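First up is the structure itself, then whatever we jot down about it.
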């Protein structure tokens with residue numbers, strides 16, 4: 045849950061300058077253009093400082109995968125708790141809707157699969173058709 049909260053926080057920091065610590069021990073500073081709940085982030089006006097002390101590299105645009113992010117440095121003017129609470133209030137309805145749809149999908153899945161069907165099988169517990177059964181048989185091999 046903490047990853048979702050931090051991803052949500054990063055999403056709320058659009059158009060602000062942040063610093064991300066990466067798994068490679070490099071640091072990336074830039075303006076957040078886009079971010080999602082998985083912390084996949086697009087930054088502009090980026091400065092990347094490698095961990096080995098090499099000179100910093102500048103990019104106009106950089107995409108960082110969320111799983112590469114170890115830490116996030118938030119600007120001092122941002123109240124983290126208030127930002128997360130506002131995001132939670134806005135997202136409650138969509139989360140409720142998501143849970144309802146998830147429950148309905150589960151009911152549909154159970155209804156169509158028969159009472160005692162094994163998971164991953166079609167309606168009534170029948171195994172799904174194999175692709176090889178749909179392909180034409182290979183030509184016979186000549187006898188040697």
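Residue numbers (my numbering): 45 to 188. Each residue gets a CB set at the ideal place from its N, CA and C atoms; glycine is no exception. A quick note: this is a predicted structure, and the numbers were derived from the prediction, not measured.
- Secondary structure of residue 110 (DSSP, three-state): helix.
- DSSP lists 71 as the bridge partner or partners of residue 93.
- Per the coordinates, the alpha-carbon of residue 129 lies some 14 Å from the alpha-carbon of residue 54.
- Residue environment analysis places residue 181 among the exposed positions, since fewer than 16 neighbouring C-beta atoms fall within 10 angstroms of its C-beta.
- Residue 83 and residue 107 have their C-alpha atoms roughly 11 Å apart.
- The closest CA to that of residue 122, considering only 61, 186, 185, is found on 61.
- For residue 58, there is no enclosing beta strand (DSSP E), since its DSSP letter is neither H nor E.
- The DSSP-derived three-state label of residue 187 is coil.
- By the criterion of a C-beta distance shorter than 7 Å, residue 52 is surrounded in its chain by 81, 128, 131, once the five residues flanking it on both sides are discounted.
- Cβ-Cβ distances below 6 Å link residue 112 to 66, 67 in the same chain, with the five nearest sequence neighbours on each side left out; the list follows chain order.
- If you draw a straight line from the Cα of residue 85 to the Cα of residue 119, it is about 16 Å long.
- Collapsing the DSSP output to three states places residue 85 in a strand.
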